[in-house]
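Asks:
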Amino acid sequence: MNKLLTSVSRTAGLGLMGLALFAAASAGAETKMRAVSFIPKTHPVMIQAIAWTDAINAGLKGTLNINYVGGSEVIERFQQAEAVRNGVIDLVYTVTADYQAHMPSGQSMVLSRLSPSEERKSGYYDWLVKRHMAKLNARYIGRLHSSGFYLWANKKADKLSDLKGLKMRTGSLYDRFMRALGMVPVTMNSPEVHTALERGVVDGFGWPNMGPRQRGWIKKAKYVIDLPFFGASNVVALMNLDKWNGLSKASQDKIIAITEKYEPGMVAHFKSGAAAEWKKLDAAGVVRYTFSDAVNKQYLDMAYDLEWKNLAKKVPGDVDTLRRITGN
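In the numbering used here, the protein residues as written are 15 to 342.
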């Protein structure tokens with residue numbers, strides 16, 4: 015009987031030890047997440063998304079690992095916002111224009127006159143965090159890109175009316191502006207643009223200055239209006255809210271601290287990169303041009319006014335607050 019009790023005690027002791035070891039291992043287990051982006055991972059615009067991912071993985075080594083698996087070849091671009099909302103994917107590196115249906119106020123990001131650091135002080139960052147939670151079941155982490163946007167075409171326009179009728183590859187970001195200029199927006203994913211230009215399906219496109227040369231687009235569209243608009247950009251990192259809530263407070267705080275430290279370097283990277291890229295574009299034969307001072311102002315005012323008017327229709331109660339906290 016004593017031998018039996020001893021055996022049972024030993025078995026129970028080993029079982030408890032095993033449970034304790036399992037609990038310890040589980041507590042220290044590394045959380046793994048997957049991320050996708052709206053354009054290919056290899057695109058120059060996404061280089062800082064890679065840098066952010068690397069910074070998070072290094073800073074939370076052993077606690078969190080993000081696998082940036084690719085772009086729209088993994089999850090189709092216009093399905094990514096829904097995928098992160100439903101938890102099909104853990105993180106997306108995407109543009110606010112792609113989830114306007116869920117959160118029209120997201121378009122205010124391109125209208126911001128502030129740096130990411132200034133947005134944290136103005137209250138805009140916190141406003142975006144709360145709105146993404148409410149509308150997209152996502153945690154807004156921060157910005158991944160900083161650059162103005164340009165209109166590129168296969169001919170030079172001497173006046174704004176010369177832009178009428180041009181078929182332009184678009185995204186939601188450009189639609190209203192292009193239509194106001196009399197252009198014909200054509201929606202397609204960025205990997206399709208090269209073939210569309212070659213075949214004359216489109217005459218041009220809207221894009222920052224990084225990417226068109228590397229992807230061969232300037233061979234057919236070498237004329238660019240050198241008046242950057244929406245300089246704050248709208249490329250963001252979003253995490254599914256349930257996944258965010260599943261992280262410890264210490265991990266959450268570390269992610270935000272790393273992101274806050276990363277953002278000034280990201281802005282500097284794209285600023286210096288844009289200057290270097292213009293030199294390469296000039297050497298490649300790209301023609302940059304503007305109009306008269308009055309027309310230049312008309313062009314830029316049109317871009318911003320259209321978006322503010324659209325926001326006033328979609329989220330009228332938010333516009334005054336958004337203007338104030340975005341420096342407008």
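Heads up, the beta-carbon is just placed ideally off N, CA and C, and yes, glycines get one too. None of these values were measured; they are calculated from a predicted model.
1. Count the other CB atoms within 10 Å of the CB of R127; is the residue buried (16 or more) or exposed (fewer)?
2. Restricting to Cα atoms, I'd like to know which of G137, N324 and T56 is closest to D189.
3. In chain order, which continuous runs of the alpha helix (DSSP H) of length 4 or greater are located wholly inside the stretch 31 to 118?
4. Please specify which runs of the alpha helix (DSSP H), each continuous and at least 4 residues long, are wholly inside the stretch 157 to 218, giving them in chain order.
5. Do the CB positions of G84 and E44 come within less than 7 Å of each other?
6. Select from P58, M60, A65 and I70 the residue whose C-alpha is nearest the C-alpha of M47.
7. Taking only the alpha-carbon atoms, compute the straight-line gap between V301 and K257 and give it to the nearest angstrom.
8. Might you give, ordered along the chain, the residues of its own chain that have their beta carbon closer than 7 Å to the beta carbon of L177, omitting 5 neighbours on each side?
9. Between L211, D332, L241 and Q121, which has its C-alpha nearest N310's C-alpha?
10. Leaving out five residues on either side along the sequence, give the residues of the same chain with a beta carbon under 7 Å from the beta carbon of I155.
11. Taking DSSP's pairing of strands, which residues face N254 in a bridge?
12. To the nearest angstrom, how far is the alpha carbon of R134 from that of A288?
13. Among T304, Q94, Y303 and R99, which one has its Cα closest to the Cα of R153?
14. Is F305 helix, strand or coil by DSSP?
15. Quick one: residues in its chain with C-beta nearer than 6 Å to the C-beta of L295, no 5 flanking neighbours on either side, listed in chain order?
16. Give the single residue among D315, G225 and N248 whose Cα lies nearest to the Cα of D112.
17. Cβ of M182 within 7 Å of Cβ of K149?
18. Is G299 helix, strand or coil when you go by DSSP?
19. Classify F244 as helix, strand or coil using the three-state DSSP reduction.
20. For V106, which of S175, K275, F243 and K55 has the nearest alpha-carbon?
21. Spatial neighbours of P58 within its chain, please: CB distance less than 7 Å, with the 5 preceding and 5 following residues excluded, ordered by chain position.
22. Should E321 be labelled buried (16 or more other beta-carbon atoms within 10 Å of its own) or exposed?
Replies: Here's the rundown:
1. As a position in the sequence shown, residue 127 is number 113, starting the count at 1. Counting Cβ neighbours within 10 Å, R127 comes out exposed, since fewer than 16 surround it.
2. On the sequence shown, residue 189 is found 175 positions in, with the first residue counted as 1. It is N324.
3. 61 to 73 and 94 to 100
4. 189 to 194 and 207 to 212
5. Numbered from 1 along the sequence shown, position 70 holds the residue referred to as residue 84. Numbered from 1 along the sequence shown, position 30 holds the residue referred to as residue 44. Contact flag unset, no.
6. As a working mapping, residue 47 is identified with position 33 in the sequence shown. For M47, the nearest C-alpha among the options comes from I70.
7. Taking the sequence shown and counting its residues from 1, the one referred to as residue 301 is at position 287. Taking the sequence shown and counting its residues from 1, the one referred to as residue 257 is at position 243. Whole-angstrom Cα-Cα distance: 47 Å.
8. By one-based count along the sequence shown, residue 177 stands at place 163. Excluding residues within five positions, the ones whose Cβ falls inside 7 Å are A171, L195, G196 and M197.
9. Here residue 310 refers to the residue found at position 296 when the sequence shown is read from its first residue. Of L211, D332, L241 and Q121, the residue nearest in Cα terms is L241.
10. Translated into the one-based positions of the sequence shown, residue 155 becomes position 141. Same-chain partners within the cutoff: A251, L252, M253, I269 and T273.
11. Within the sequence shown, numbered from 1, the residue matching residue 254 stands at position 240. For N254, which the question treats as bridged, DSSP gives the partners A152.
12. Translated into the one-based positions of the sequence shown, residue 134 becomes position 120. Translated into the one-based positions of the sequence shown, residue 288 becomes position 274. Rounded to whole angstroms, R134 to A288 spans 25 Å at the Cα level.
13. Translated into positions along the sequence shown, residue 153 becomes position 139. Checking every option, the nearest Cα to that of R153 belongs to R99.
14. The sequence position of residue 305 within the sequence shown is 291, counting from 1. Looking at F305 - three-state DSSP - the assignment turns out to be coil, as it is neither helix nor strand.
15. The residue you call residue 295 lines up with position 281 of the sequence shown. Around L295: R227.
16. Locating residue 112 in the sequence shown gives position 98, where the first residue counts as 1. Here the closest residue by C-alpha is N248.
17. As a working note, residue 182 is residue 168 in the sequence shown. As a working note, residue 149 is residue 135 in the sequence shown. It is not a contact, given that the beta carbons lie outside the stated cut-off.
18. For this step, residue 299 is matched to residue 285 along the sequence shown. Three-state result, G299: coil.
19. Along the sequence shown, read from residue 1 onward, the residue named residue 244 stands at position 230. Three-state result, F244: coil.
20. In the sequence shown, the residue the question calls residue 106 occupies position 92. If we check each option's Cα against that of V106, K55 comes out closest.
21. Here residue 58 is taken as the residue at index 44 of the sequence shown, counted from 1. Correct list, in chain order: M224, G225 and Q228.
22. The count along the sequence shown starts at 1 and reaches residue 321 at position 307. Looking at its Cβ environment, which holds 16 or more other Cβ atoms inside 10 Å, E321 is buried.
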